[in-house]
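Residue numbers (this note's numbering): 812 to 1071.
From the three backbone atoms N, C-alpha and C, an ideal C-beta is built for every residue, glycine too.
Structure first, commentary second.
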């Protein structure tokens, strides 16, 4: 009989009678909820904050910043708002029962006329109340987007630059080209006057005013001037816009309840 002087001893914490289950190579251990969240380093790199506050609200906030991009793709070093990103969001907001109001934050230098006018028309045709806040600037085609909301705000330090439509690239020097440009300008003017309190006469006066812009025609309106001419409804920021939007949502609910 052979006696083994070195018996095999199970490691501490294990029961030799229980079968050992080894995970298959294809299985990966599940991460905890804490591990699934992005760490502070990743959040700082992406958003410049250690933690992003997430608040459940009945209001959707949409930002329109930089240059409104149309059919032509702008250089990657330009801050742009792509119309193919904004349009589906507006449709989703209109269809969503959880979203009761829209807040627009604008700081734009203008951009593609048709793309900006299309966004403005979609916002104006929504059944849900909306407010816009002009922050920094609402230039050129950003003016129709600003006035397309149900109620518009502008901070005192912001400016709105109003100037005629400009074309870049090859322009055929024919009468039909100038007629088309004039009709496009009329489309923009009609939208602005129908969605704000500024008169057509005053708008054209501001459009073709010389001396306001360097080597150009047009006018740069500061916050209170934009309100004075009736382009924007009132001076205000986030708090005023949020209060007004909630009041409009509440009024719409009461009106809907009376109709039912």
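If you look at residue 896, you'll find it in the alpha helix (DSSP H) that goes 894-906.
Residue 920 sits in a strand when the DSSP states are folded into three classes. Taking the C-beta atoms as reference points, residue 914 is found nearer than 7 angstroms to residue 872.
Shown here, residue 873 sits in a strand according to DSSP, grouped into three states.
Straight across, the Cα-Cα distance linking residue 923 with residue 879 is about 6 angstroms. With contact defined as three or more Cβ pairs closer than 8 angstroms, the stretch 899-917 and the stretch 976-987 are not in contact.
By the CB criterion at 7 angstroms, residue 892 and residue 881 fall outside the cutoff. In the DSSP assignment, residue 878 forms a beta bridge with 891 and 921. The DSSP assignment places 941-949 as complete runs of the beta strand (DSSP E) inside the stretch 923-957, in order along the chain (cut-off: 3 residues).
Note on geometry: alpha-carbon atoms of residue 1041 and residue 991 lie some 28 angstroms from one another.
With the rule of 3 Cβ pairs closer than 8 angstroms, the stretch 953-962 counts as touching the stretch 924-939. Leaving aside the five residues that flank residue 1007 on each side, the residues in its chain whose CB is nearer than 7 angstroms to its CB run, in chain order, 958, 1041 and 1042. Counting along the chain, the unbroken alpha helix (DSSP H) around residue 1039 starts and ends at 1034-1039. Shown here, residue 964 sits in a strand according to DSSP, grouped into three states.
With a cutoff of 7 angstroms on beta-carbon distance, residue 1003 and residue 955 are scored as near each other. Closest in C-alpha terms to residue 1047, from the list 926, 885 and 942, comes 942.
Around residue 1019, the same chain offers 1028 as residues with beta carbons nearer than 6 angstroms, after the five sequence neighbours per side are excluded. Bounds of the alpha helix (DSSP H) holding residue 995 are 986-1005.
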